[in-house]
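> Counting in the UniProt record's numbering, the sequence shown runs from 1 upward without gaps.
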Amino acid sequence: RLKLGAHIAGRGGRPEYWISPARPRGIGPAPPPQMQELRGSSCDCRPERDILRTAAANEAKLRAAVEQRKQAVLQKRAELEAKVLSAEEVLQAEKQAAMDVQEQVALGRRECSSRSKSLRSLWPEVEEASAAVQRLDAEVASIREKAEEVEEGMQEQLEASGCLYRIAAAATGVHWDVEAQGRRGYVALDGRVRHFDTGSLSQKAAADAIWEEIEACLPSSPVLD
């Protein structure tokens, strides 16, 4: 290969041209090792680009995780603030209720104080009423005791009446129908039975009718010649 050269000799001189052979490639002093390494390394940057791309993706994931964590913290904070507000409202209500109870207790104490004064003035009447109650209890006990005595007496009379009835029934043979209330019955003597009904008769006529039934049941007396 040839190389074209030019030169101007002095001011206003004519240019001079020449042709010289060009230096072939690969001939001449070699570049330093650092330059060669730089030239060789600048040929392929894909690993570096992959590393940068991976780092960018990891940074995006980290930012998303941080943002998600931030939102969770904010939500948790809002929930805690709501719970604190609700607890404060409950505490305020309980405080107000306690104040109301305290006020009622104070009012009750004042009322009890006034009542105690009125009770002291009414104490004689209370004692009198208590004595009256005791007297009534004693009277009730006495009446109950008398009632028991009367009941015992009536029971004895009933038993005595029953004995008399059985004696009379054995002697006269008269048996009364309990459901007829003393109006009907029968006479049973010496193996004979005769019924009677005195519902429409007077007391004397009823007694005569019953006596006739008794005589009819008695054995007839022998006739003496």
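Ideal Cβ placement from N, Cα and C applies to all residues, glycine included.
1) What does Leu189 pair with, by DSSP beta-bridge criteria?
2) What are the partner residues of Val105, as DSSP defines its beta bridges?
3) Any idea what DSSP makes of Asp50, helix, strand or coil?
4) Under 9 angstroms between C-beta atoms, does Thr172 make it to chain B?
5) With a threshold of 8 angstroms, are at least 3 pairs of Cβ atoms found where one atom belongs to the segment 134-142 and the other to the segment 175-190?
6) In chain order, what residues of the same chain have a beta carbon less than 8 angstroms from the beta carbon of Ala209, not counting five sequence neighbours either side?
7) Three-state secondary structure (DSSP) at Arg183?
8) Span of the beta strand (DSSP E) holding Val178?
9) Could you tell me the alpha carbon to alpha carbon distance between Asp100 and Ala106, rounded to whole angstroms?
10) Excluding five sequence neighbours on each side, which residues of the same chain lie with their C-beta closer than 8 angstroms to the C-beta of Leu38?
11) Within its chain, find whatever has a CB closer than 6 angstroms to the CB of Glu149; leave out the 5 residues flanking it on each side and keep chain order.
Taking the structure as given:
1) Arg192
2) Answer is none; Val105 lacks a bridge partner.
3) helix
4) Absent here is chain B; the protein component of the structure consists of one chain.
5) no
6) Phe196, Thr198, Leu201
7) coil
8) Looking at the DSSP string, Val178 is not in any beta strand (DSSP E), and its letter there is neither H nor E.
9) 10 angstroms
10) Because the pLDDT of Leu38 is 49, which lies under 50, any placement of that residue in the model is unreliable, and the number read from its coordinates should be weighed accordingly. Around Leu38: no qualifying Cβ.
11) none
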